[in-house]
Each structure stands twice: as structure tokens, then as C-alpha cells.
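First residue of the sequence shown? That's 1089 in this note's numbering, and the numbers climb one at a time after it. Just so you know, even glycine gets a beta-carbon here, dropped at the ideal spot from N, CA and C.
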Amino acid sequence: MEIKIDDLSGGEVIELFEEHLADMYATSPPESVHALDVDALKSPDITFFSG
């Protein structure tokens, strides 16, 4: 596996991440979901890695 910095422009990573977020919201109370959405993760202050 190669882990690299990702700019979140690829569809596969976004699809997996959005599926994960949807599952978190479906199975957890809203106040217990401590996650950023894709737009927030694209902030220049955040480095996102994928592999």
C-alpha cells in the first residue's frame, strides 16, 4: 500500500468517505458524530492522506 497526500479530487476516496459519514449519522446520535465533511477536509489547513 502506498500512502500519499490526497487533495480529495478523486471519486473513489470521496465515495468511501461519504459512505462512512452516512453510516456514522445513521447509527450515532448527531451530537456524537465528530467528523468533518469533504468540503471542510479540503481546507488548506488540513493535510489529508489516502492509500
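ask   = Thinking C-alpha only, which one of E1090, S1097, S1116 is nearest S1131?
value = S1097
query = Below 8 Å between beta carbons: does that hold for I1154 and T1135?
reply = Since the first residue shown for the chain is 1089 and the last is 1139, residue 1154 is missing from the structure and cannot be characterised.
query = Distance, Cα to Cα, F1105 vs S1138?
reply = 11 Å
key: Whole-Å CB distance - A1123 paired with M1112, under 8 Å assumed   = 6 Å
request  = Locate the alpha helix (DSSP H) running through I1102, then write down its first and last residues.
outcome  = 1099-1115
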